[in-house]
Amino acid sequence: MIAARSVTIQRSGRSLLHQIDLELPPASFTAIIGPNGAGKSTLLKALTGELRLTRGIVTYHGDNIADLDARTLAQQRAVLPQSLELSFPFSVLEIVRMGAVARGATAPEADARKALMKVGLAGFEGRSYSTLSGGEQQRVHLARALAQVPNPISNGKPEALFLDEPTASLDLRHQISVLELAKQFSNDGGILLAILHDLNLAAEFADQIIVLDEGHIRARGAPCSTLTDAVLAQVYGISGIVGRIPRGEVPFILPQARHS
Numbered sequence: 001m002i003a004a005r006s007v008t009i010q011r012s013g014r015s016l017l018h019q020i021d022l023e024l025p026p027a028s029f030t031a032i033i034g035p036n037g038a039g040k041s042t043l044l045k046a047l048t049g050e051l052r053l054t055r056g057i058v059t060y061h062g063d064n065i066a067d068l069d070a071r072t073l074a075q076q077r078a079v080l081p082q083s084l085e086l087s088f089p090f091s092v093l094e095i096v097r098m099g100a101v102a103r104g105a106t107a108p109e110a111d112a113r114k115a116l117m118k119v120g121l122a123g124f125e126g127r128s129y130s131t132l133s134g135g136e137q138q139r140v141h142l143a144r145a146l147a148q149v150p151n152p153i154s155n156g157k158p159e160a161l162f163l164d165e166p167t168a169s170l171d172l173r174h175q176i177s178v179l180e181l182a183k184q185f186s187n188d189g190g191i192l193l194a195i196l197h198d199l200n201l202a203a204e205f206a207d208q209i210i211v212l213d214e215g216h217i218r219a220r221g222a223p224c225s226t227l228t229d230a231v232l233a234q235v236y237g238i239s240g241i242v243g244r245i246p247r248g249e250v251p252f253i254l255p256q257a258r259h260s
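For what it's worth, UniProt numbering labels the leading residue of the sequence shown as 1, then goes sequentially.
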C-alpha cells in the first residue's frame, strides 16, 4: 500500500497541493485526471519522492519515503515522466538497461530485452534513441520503467509503476497496448498510477479515478461515480458530455481494449 497523508506542497508562496489524502492499493489501477495546472504531475512527483513535501507524509508499506535512500526507492517503484531529454547518443538497449541496473538486476541486458519485447520494440536494441519517433521514444522509456520493476510483486510486496501521460505521443493502437500493459501490471498485484487526459481511456482502464483541480481532490472513486456531468462541469467548466453521442455526422470514438 502506498499512502499520502495531509500532503501539502508550497513553492514561492504558492500552494500547489493542499492537504492531499489518498491510498494506492495493490492490484489496482488508479488514474489521475484534471485540467492543465491542476497539480497532477506535482502529486505524482510527491508520491514518488522526487519533490520535498512542505507538510505531510508519503509511505510505502508503512515506511516514510523520506527515510528511504535512492536505491531502495528504485527497487520499489519506477517512473515514466511526462518528458525526457537525453544529451548523449544512447542506443535503445542502453536506455532500457538503465532501468534494470537501477534496481540492481543480475542480468540487466536480458531484462532490458524482455521489456522491449513487451512494448513491441524487439529488434530496436541497436537503434539510436535520437532517430526514433516521439511515440517510439515514449515506448522506450516505458520499457525502461518495466525493466526496473519487472515483477509486480517482489519479496512478498507489491511494486509500483507511475506513468505521467503515458499515451500522449502514441497512436490509437499503441495507446491501448500501453494501457493494457499497465492494467496487466495491476492485475498481477502491482500498484499502478497513471495521469491521463483521455477520459474515455481513464473510464475503461482505471479501478479508481482521482479528480484533481487547483491542488485539491474534487472527487475520487470508481469511474461511474467520478466521471459525471456535475464533476466534469466543476473542474473543466463544460457540461452535458457524459454518455451522450455528439450530434450530426461527427463520430464518437470510444477505444475498446482487447481485455474487455
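C-beta: ideal position from N, C-alpha, C; glycine also. Computed from a predicted model, the values in this text were never measured in an experiment.
- Spanning the alpha carbons of E214 and G104 requires a straight line of approximately 38 Å.
- The beta carbons of L44 and F124 sit no closer together than 9 Å.
- Taking the C-beta atoms as reference points, I209 is found no nearer than 9 Å to G190.
- Across the structure, L201 and I241 are spaced so that their CA atoms are roughly 15 Å apart.
- Taken in chain order, the complete alpha helix (DSSP H) segments of 4 or more residues contained in the stretch 22 to 87 are 40 to 48 and 70 to 74.
- In terms of CA proximity to E204, I176 leads the group A168, Q234, I176 and K157.
- The three-state reading of DSSP puts P158 in strand, counting E and B together.
- Of the residues K114, L51, D21 and P89, the one whose Cα lies closest to the Cα of G99 is K114.
- Beta-bridge analysis with DSSP links S186 to no other residue.
- When rounded, the separation of the alpha-carbon atoms in S130 and V140 is 11 Å.
- The beta carbon of N187 sits closer than 8 Å to the beta carbons of A27 from its chain, once the five residues preceding and following it are set aside; these are given in chain order.
- The alpha-carbon of L68 is positioned some 19 Å away from that of E23.
- Scanning A160, A102 and H197 for the CA closest to the CA of A182 turns up A160.
- Looking at the DSSP output, R103 bridges to nothing.
- The three-state secondary structure of T8, taken from DSSP, is strand.
- Taking the Cα of R5 as reference, the smallest distance to any Cα among A38, M117, I20 and P25 is reached at I20.
- Rounded to the nearest angstrom, the Cβ distance from K157 to H61 is 6 Å, consistent with a contact under 8 Å.
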